[in-house]
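Chains as they are written, first to last, in the numbering used here: chain A, 46 to 185; chain B, 46 to 185.
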């Protein structure tokens with residue numbers, strides 16, 4: 046189970062079973078798209094080693110990290126480390142992944158913009174080789 | 046000084062001196078408006094007794110409370126209490142205020158949508174009488 050305690054900002058929510066994640070990740074939806082807000086907001090909690098598939102967002106996404114330690118990596122670039130208070134402004138149509146480190150869980154708020162009715166394009170899993178390389182280069 | 050410690054999600058940022066707040070409030074800007082994000086994101090920290098003026102947002106605002114205890118009140122309605130994890134979806138063109146309780150600080154993330162170049166219309170201060178009434182009715 047992902048670490049969770051009374052200090053967590055949000056409950057973990059429901060386990061994600063959509064096939065777009067490796068390992069165990071959970072989603073607590075905070076806000077759905079409506080006439081004023083052309084985005085969804087959710088809190089995503091990744092257990093250690095859990096991460097998204099590679100994916101893109103047609104109109105970008107903003108991550109606000111609320112606890113733990115993890116990574117954000119754009120294809121072909123070094124990973125950026127994520128910790129409490131990190132804010133990442135993910136550009137449109139940019140292949141990337143995010144998730145927990147091997148040694149810690151990660152929780153972040155995600156504000157995901159829509160382009161029409163679409164807000165994400167899901168691609169291949171992040172391989173263990175890709176993931177291990179990032180962990181090796183970014184020890185806590 | 047507002048309470049702040051190593052557990053705070055964000056630093057307090059800069060003291061707000063725009064005349065639209067009563068008491069001491071602070072803003073840490075997290076994200077500015079850009080081509081993908083038609084909103085600004087900031088972390089606002091209110092010292093005890095600090096609150097916004099009454100105001101409206103032409104395209105609404107989302108609040109995500111990160112610590113403390115406070116209030117959100119729409120004109121003519123009972124106040125809602127705010128605590129860590131509270132999410133408020135503020136409708137467009139709806140007169141309201143938010144802020145700390147008399148006995149606690151409050152910190153929230155604010156995602157403020159734009160309508161064209163405008164994102165807020167500032168009105169009169171929340172009087173001590175209005176504020177004290179809300180505190181009296183919502184003791185921790």
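Virtual Cβ for every residue (Gly too), placed ideally from N, Cα, C.
Just so we're clear, the structure is a prediction, and the values are computed from it rather than from any experiment.
So, is the C-beta of residue 58 of chain B closer than 8 Å to a C-beta in chain A? For this step, residue 58 of chain B is matched to residue 13 along the second chain. No - not a single Cβ of chain A is within 8 Å of the one on residue 58 of chain B.
Check whether the stretch 169 to 177 of chain A and the stretch 56 to 74 of chain B touch, using three or more Cβ-Cβ pairs below 8 Å as the test. no
Which parts of the stretch 52 to 127 of chain B are runs of the beta strand (DSSP E), unbroken and 3 residues or longer, counting only runs that do not cross its ends? 70 to 76, 84 to 91, 106 to 119
Burial state of residue 185 of chain B, where buried means 16 or more other Cβ atoms lie within 10 Å: As a working mapping, residue 185 of chain B is identified with position 140 in the second chain. Counting Cβ neighbours within 10 Å, residue 185 of chain B comes out exposed, since fewer than 16 surround it.
The beta strand (DSSP E) that contains residue 158 of chain A, what's its start and end? Residue numbering aside, residue 158 of chain A sits at position 113 when the first chain is read from its first letter. From DSSP, the beta strand (DSSP E) with residue 158 of chain A extends over 151 to 158.
Count the other CB atoms, across all protein chains shown, that sit within 10 Å of the CB of residue 161 of chain A; report buried if there are 16 or more and exposed otherwise. Working through the first chain from its first residue, we reach residue 161 of chain A at position 116. By the 10 Å Cβ count, residue 161 of chain A comes out exposed.
Beta-carbon contacts of residue 179 of chain A that lie in its chain and below 7 Å, excluding the five residues immediately before and after: As a working note, residue 179 of chain A is residue 134 in the first chain. Taken in chain order, the residues that qualify are 116, 118, 124.
Can you tell me whether residue 178 of chain A is helix, strand or coil according to DSSP? Taking the first residue of the first chain as 1, we reach residue 178 of chain A at position 133. Of the three classes helix, strand and coil, the one that applies to residue 178 of chain A here is helix, per DSSP.
In chain order, what residues of the stretch 125 to 138 of chain A put their CB closer than 9 Å to some CB of chain B? 129, 130, 132, 134, 135, 136, 137
Does the ligand GDP have even one heavy atom less than 7 Å from the beta-carbon of residue 126 of chain B? The model depicted lacks the ligand GDP and carries no ligand whatsoever.
Alpha carbon to alpha carbon, how far is residue 53 of chain A from residue 54 of chain B? Numbered from its first residue, the first chain carries residue 53 of chain A at position 8. Numbered from its first residue, the second chain carries residue 54 of chain B at position 9. Cα to Cα, residue 53 of chain A sits roughly 11 Å from residue 54 of chain B.
Once the 5 residues before and after residue 112 of chain A are set aside, which same chain residues still bring their CB inside 6 Å of it? As a first step, residue 112 of chain A is located in the first chain; it is residue number 67 there, counting from the start. Excluding positions up to five away in sequence, the list reads 129, 152.
Counting only Cβ pairs nearer than 8 Å, list the residues of chain A close to residue 61 of chain B. The residue given as residue 61 of chain B occupies position 16 in the second chain. Near residue 61 of chain B there are no residues of chain A at all, since even the closest Cβ is about 20 Å away, more than 8 Å.
Against chain B, does residue 116 of chain A count as a neighbour if the rule is that its beta carbon must be under 8 Å from one of theirs? Start at 1 with the first residue of the first chain, and residue 116 of chain A comes out as number 71. No - not a single Cβ of chain B is within 8 Å of the one on residue 116 of chain A.
Any beta carbon of chain A sitting closer than 8 Å to that of residue 148 of chain B? Counting from 1 along the second chain, the entry for residue 148 of chain B is found at position 103. So, not an interface residue.
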